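Please read the structure below before turning to the comments.
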Amino acid sequence: MSGIDVLGYAAGFVTSLTFLPQVLKTAREKSVEGISLMMFLVAAINEVMWIVYGALLDNWVIILTNSVVLAMSLTMIYFKFAYKNRVKTVFVEKDVFPTHIQK
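Following our numbering, the numbering of the sequence shown begins with 271 at its first residue and continues without gaps.
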C-alpha cells in the first residue's frame, strides 16, 4: 500500500465522520430546530453521485466513504420529518428566588 493509498483511506475515514456529531446530537435531543433540510437533501444527492462515480472507477474508498455519509444524510432527513413537530419541554422551578427578593 502506497502513501497515496494511506492518505486516501485516512481522508475517507475522516470524511465519513462529517455528519456524525449532528446525527448523535439530534438523536439524543430529538430536536431538529435550526437544522436545514435542504442541506441534507443536497448532501444526499451529492453522495449518490460520488458513489456512482466511485463505482465507475471501481474505487472502494470513494464508494464506502460516501455510502457512510449518505446513510447519515438520510438519517438526518428522517429525523427532520420525524421530529419536526416535537415540542421541547422546559421545566421551570416555581420558587426560584428567595421570598425577600420576590415582589
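Every residue gets a Cβ at the ideal spot worked out from N, C-alpha and C, and that includes glycine.
From a predicted model like this one, the values you see are computed outputs, not experimental measurements.
Sort the options by Cα distance to residue i and report the nearest one.
i	options	result
S286	I274, A341 and K354	A341
Q292	G282, A281, G304 and F283	G304
T335	L311, V312, M309 and N316	N316
A314	S272, M346, V276 and F351	M346
K295	F283, L327 and F349	F349
S337	V318, A280, M271 and L311	V318
M309	Y353, D275, S272 and L344	L344
F351	N329, L327 and S306	S306
Beta-carbon within less than 7 Å of residue i's beta-carbon, same chain only, minus the 5 sequence neighbours each way: which residues are those?
i	result
T288	V339
I332	W320, Y323 and G324
G278	V331
K300	Y353 and R356
Are there 16 or more other CB atoms within 10 angstroms of the CB of residue i, so buried, or fewer, so exposed?
i	result
G273	exposed
Q | Entirely enclosed beta strand (DSSP E) segments - the stretch 328-363, minimum 3 residues | A | none
Q) What residue ranges within the stretch 289-332 form continuous alpha helix (DSSP H) runs of no fewer than 4 residues, ordered along the chain? A) 290-299 and 307-327
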